[in-house]
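Those sequence lines, one after another, are chains D and L.
For the first sequence, the numbering used here assigns the number 27 to the initial residue and increments by one for each residue that follows.
For the second sequence, the numbering used here assigns the number 586 to the initial residue and increments by one for each residue that follows.
Using N, Cα and C, we set each Cβ at its ideal position, and we do this for glycine too.
What follows is one structure encoded as structure tokens, with my remarks underneath.
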Amino acid sequence: MFQIPQVEFQEHRLSNGLQVLLYPKRRTPLVHISVHYRVGSSVEEPGLSGFAHLFEHMMFQGSDNVDKNEHGRYVDEVGGRWNASTNKDRTNYYETVPSNCLELGLWLEADRMRSLRVTEANFENQRQTVIEEKKQSYDNRPYGLAYLRFDELAYESWAYAHSVIGSVSDLQKATLEDAARFHRTYYGPGNATLVLAGDLNCDQALESVGKHFADIPNRTSSEGSRVEEPKQSSEKREVLTDPLAVLPLVILGYHIPPIGLPEYYALSLFSIVLSDGSSSRLHRKLIYENNWVTGLAAGPNRYKGPGLFDFWMQIQDQVDVDQVLKAIEGELERFRAQPISHLELQKALNQIAYRHVGRLQRVSDIGEILAHYAVYHDDPNLINQELERYLSVTPESIREVVRETFRAENRTLLLVQPQASPQESNGVPGDEESGE
Amino acid sequence: MTVEAPKPGQIEPVDYPTIPEVVLGNGLRVLVLEERRLPRISIRLAWPIGTVWNPDENLSLADLSVDLLKEGTTSRSSVDIADFSDQLAIQYGEDVSMEQTHLSVSVLDQYVDQAMDLLSDLVLRPTFPEEEFQKVRARWQSHILSQRSQPDFLAEERTYRVLFGDHPYAKISIPPEHLAQVERDQLHDFYKTLFGPDQALLVFAGSVSLEQATALAERYLGEWEKGEAPSLSYPSVPKLDRLQVSLVHRPHSAQAVISVGTRALPRNHADAIPLQLASQVLGGGGSSRLFLNLREEKGYTYGAYSSLRSYRKEGLLLATANVRSEVCAEAVQETLAEMERMRQEPPQANELQRCLAERLGAFIRGMESPSSVGLLEISRRLHNLSEDYYRTYVPKLKEVTAEKVLETSRAYIDPSRVLVTVVADREQVEEKLRDLGPLTVYDMDGNTL
């Protein structure tokens, strides 16, 4: 029913364990180089929250042959673009460069996989930078604190409960020795996937990869963390005040199985029917018909392990939050009572197909999603097969998973109020050390 | 032992394509960027009309009138439009900025006819239903309320207000009372008067040929009647004659947002490309002077950047950072000092070379998809850039010398005549900011305190 071109890539593994994915496609003379390490904030121990992300900054602070800030400068000097990001399950480092600079990019990534050379002063400087990053991204933004708080409330498992950015007091405790240990434990080739996508010749590229990476010893690589989340037995609720917010916000979360299972695909399609676009059932009820809500998003949180199906709703001034919650419950009840129509299912599948095609345009997007399938699903070829999984979902299977998921005892609710109302508030916004 | 980095070759030139163009009888210009790699087509209708066309007495007309197009036509209700487009995954978007308005539909190629049918319905036959107008207005009221809680928005609003004074470029936000006063008929008239076919561009990109695109345009937009070509003249506004400081008091702020701004150049000015390079040296990306100084050396911030914004008659150079409140004044001082350094010494050869490569790389990435080339072409025409602007862009970049960057910096980057805008909790920053120059304090609604 959809004519979607296959992504024809090659998969290789070096003897030190490094997984290598090559996707040759020339449109412009660009190549995207990306290394995904199977390590995120979920491996952090209590007391060291935020370390995986702080460490990401260290990877720009120097290695055997590359000084502080030189990584970026080398890439900038050839007109490339570079960055890195850390989430709960993985950390990625990437550069998109003119294709005649492939060799340079590989050399840079290999050097910091092989070695780390950071001084105390540089470590301290990046600690300050990360603290400012936390303020910019969370503390100084409306609802930023709620964003950090929600997983703490919903998850029992520390691995997913604590935030990626971490607490300031934990960041203050981190040491340079911690960084060296982290690099040894998690940054070996056996724990990484290297993706090259774009204007490249596979044979030559593979030879270059071997030249730069093959002699990096496969240090003890960790299994990563296997996150276990106990079944929730009763609803959790909390009210938090946010002096920077002007409207209330409600976040709901229901525990769901890990990514990639049949339930995940059913819930992803369900979320489109529920809340994507102006024709979705919640948009129509909460925004179009009643103007109770000003912003709405819902869907699986896409963590690798135990997930949450989240709802985020910014509530209009003067609107009763309970009325909104009742309306949502009413809509969920309709899904439980009656399977969605085939027309609605087709709509959701059209949306999935469209999005998939949209991600096949730029070499950086293709490279990143190939790595995503490798790291999250241990199966890069899912890039070509995932649509089949969506196509096997039926209205009845959606109804089953909706019945199983959306139960009151499986729910966490966080209400954010713009003004302080002390009798209700049991969270203390603005206190960065409250994570402990 | 230090190993040397592999030497890269020369960046390969990328040819800016010749874009076929057909003009329909009603003046609509159809451009086609055919590329059959993926089964997707994006269609963009762009007008050189935007919020600067709003009358002074109501700054909400452009945004609301365009927003209302999808809320009802002679043959479809708001609900019908949402159902139809979502069902086929037609991604409909609208974007109203100061001098441009874009409507876009992007779709799997199998649904291109339906997408064009929808687009023509919205453009040719919108009805601006009263009931939907009330809903749209209510949504905008909460939107502007939320907007005012964002520190970056407050900094930008204040910067434009002060730098552009009475110029229409100053009015980038909608006052609540304008929303309260606006009427449905005003929106209808605004749209009907200004949004005709003769100034518009219709850009097809993706899996579609010139013949197909022309036939689709004829069939669905051929009957669109030519209007009167509107024109707009801008008053001239004097530039700042000294450094000024605007402080927007935002209680409970966890950081200070700083923005140092000065009026710069429109893109069709002869010095625009040298100024791009100067801004790149100052604050373009993670190897620039501002980033290395404020973040990597001082640890004041997560990031410090400068950028140029260009409009048809004007431009802005802005240096921005979100910094620790207690070092707010120091961060501003460092930013001013880096601006001054731009005037004192030419960039080093390797620094200029890097900045040139950064601009080149961005240009190549901008040509990665047919729809992004379409955006470049729309902007070329909007900014009145020459026919060969993008074809000669690379040689023009390469001929800029370090001396030329210095000369351009001296002409346009003067830290003694800039606007410093800070959004922060005044308790934490005000005292030290007073030492910088004359300071005005505002509340979050723009009233002076």
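Proximal residues of chain L, C-beta to C-beta of residue i below 9 Å
{"i": "D/E82", "result": "Neighbours of D/E82 on chain L: none; closest Cβ ~13 Å, over 9 Å."}
{"i": "D/S89", "result": "Simply none; closest approach about 11 Å."}
{"i": "D/P168", "result": "S731, S734, Q735"}
{"i": "D/S304", "result": "K655, S663, V664, I666, A667, D668, S670, D671"}
{"i": "D/K373", "result": "D668, D671, Q672, L673, A674"}
Under 9 Å between C-beta atoms of residue i and residue j
{"i": "L/V990", "j": "L/R1011", "result": "no"}
{"i": "L/F669", "j": "L/L693", "result": "no"}
{"i": "D/W108", "j": "L/P591", "result": "no"}
{"i": "L/I843", "j": "L/A922", "result": "no"}
{"i": "D/K94", "j": "L/E943", "result": "no"}
{"i": "D/I277", "j": "D/G333", "result": "no"}
{"i": "L/M683", "j": "L/T744", "result": "no"}
{"i": "D/L369", "j": "D/S234", "result": "no"}
{"i": "L/S792", "j": "L/R622", "result": "yes"}
{"i": "L/P736", "j": "D/N376", "result": "no"}
{"i": "L/R897", "j": "L/R995", "result": "no"}
{"i": "L/L937", "j": "L/L862", "result": "yes"}
{"i": "L/E925", "j": "L/P1000", "result": "yes"}
{"i": "L/R629", "j": "L/H687", "result": "yes"}
Rounded Cβ spacing between residue i and residue j (contact assumed at less than 8 Å)
{"i": "D/V221", "j": "D/L396", "result": "5 Å"}
{"i": "D/C228", "j": "D/Q36", "result": "6 Å"}
{"i": "L/T993", "j": "D/E158", "result": "With 8 Å as the limit, L/T993 and D/E158 do not qualify as a contact, their Cβ atoms being about 32 Å apart."}
{"i": "D/Y329", "j": "D/F432", "result": "Not a contact, Cβ separation roughly 19 Å."}
{"i": "D/L226", "j": "D/V345", "result": "Contact flag wrong, Cβ pair sits at about 54 Å."}
{"i": "D/A223", "j": "D/V389", "result": "5 Å"}
{"i": "L/S645", "j": "L/I759", "result": "5 Å"}
{"i": "D/A172", "j": "D/L266", "result": "6 Å"}
{"i": "D/V194", "j": "D/A292", "result": "About 40 Å separates the two Cβ atoms, so there is no contact after all."}
{"i": "D/A206", "j": "D/L142", "result": "7 Å"}
{"i": "D/S189", "j": "D/L179", "result": "D/S189 to D/L179, Cβ: 12 Å. No contact."}
{"i": "D/L312", "j": "D/V350", "result": "6 Å"}
{"i": "D/S260", "j": "D/E435", "result": "5 Å"}
Bridge partner(s) assigned by DSSP for residue i
{"i": "D/R263", "result": "D/L439"}
{"i": "L/P711", "result": "L/T658"}
{"i": "L/N907", "result": "L/V842"}
{"i": "D/M339", "result": "D/V276, D/L322"}
{"i": "D/S60", "result": "D/Y120, D/V221"}
{"i": "D/E34", "result": "None, per the DSSP bridge assignment."}
{"i": "L/R625", "result": "L/L693"}
{"i": "D/L45", "result": "For the record, residue 45 of chain D in the displayed sequence is Gln; it is not Leu. Its beta-bridge partners are D/R39, D/T219."}
{"i": "L/Q829", "result": "L/L1004"}
{"i": "D/R107", "result": "D/T122"}
{"i": "L/A631", "result": "L/H687, L/L786"}
{"i": "L/E606", "result": "L/L616"}
Amino acids of chain D, ordered along the chain, whose beta-carbon sits closer than 8 Å to that of residue i
{"i": "L/E597", "result": "P55, P124, S125, N126"}
{"i": "L/K720", "result": "Y314, N317"}
{"i": "L/I949", "result": "T54, P55, L56, G105, P124"}
{"i": "L/N907", "result": "E158, K161, Q162, N166"}
{"i": "L/L877", "result": "N95"}
{"i": "L/E953", "result": "R53, T54, L56, Q387, R388, V389"}
Neighbouring residues, chain D, relative to residue i (Cβ below 7 Å)
{"i": "L/R880", "result": "T155"}
{"i": "L/S971", "result": "By Cβ distance, chain D contributes nothing, its closest Cβ being about 23 Å from L/S971, past 7 Å."}
Interface residues of chain L facing residue i [CB-CB closer than 7 Å]
{"i": "D/K257", "result": "Neighbours of D/K257 on chain L: none; closest Cβ ~35 Å, over 7 Å."}
{"i": "D/K161", "result": "A839, Q840"}
{"i": "D/W133", "result": "A590, P591"}
{"i": "D/I30", "result": "P624"}
Proximity test, Cβ basis, 9 Å: residue i and chain B
{"i": "D/P269", "result": "Checking the listed chains, one finds no chain B in this structure; the protein chains it contains are D and L."}
Beta-carbon neighbours of residue i, restricted to chain D and to distances below 9 Å
{"i": "L/A942", "result": "D102, E103, V104, G105, G106, P124"}
8 Å Cβ cut-off: residues of chain L touching residue i
{"i": "D/L308", "result": "Correct list: empty, because the minimum Cβ distance to chain L is about 13 Å."}
{"i": "D/E129", "result": "P591, P593"}
{"i": "D/L232", "result": "What D/L232 touches in chain L: nothing, since even the nearest Cβ is about 16 Å away."}
{"i": "D/G98", "result": "G870, G871, S872"}
*asked:* Ignoring anything shorter than 3 residues, give me the beta strand (DSSP E) runs that lie fully in the segment 114-156 of chain D, in order along the chain.
replied: 117-124
*asked:* List, from N- to C-terminal side, the beta strand (DSSP E) runs of 3 residues or more that fit wholly inside the segment 635-700 of chain L.
replied: 676-681, 686-693
*Go through the segment 343-403 of chain D residue by residue and report every complete run of the alpha helix (DSSP H) that reaches 4 residues or more, in order.*
347-363, 368-384, 389-403
_Contiguous alpha helix (DSSP H) assignments of at least 4 residues, all confined to the segment 723-803 of chain L_ = 736-749, 761-766, 769-779
*Along the chain, which unbroken stretches of the beta strand (DSSP E) at least 3 residues long are found entirely within the segment 844-897 of chain L?*
886-895
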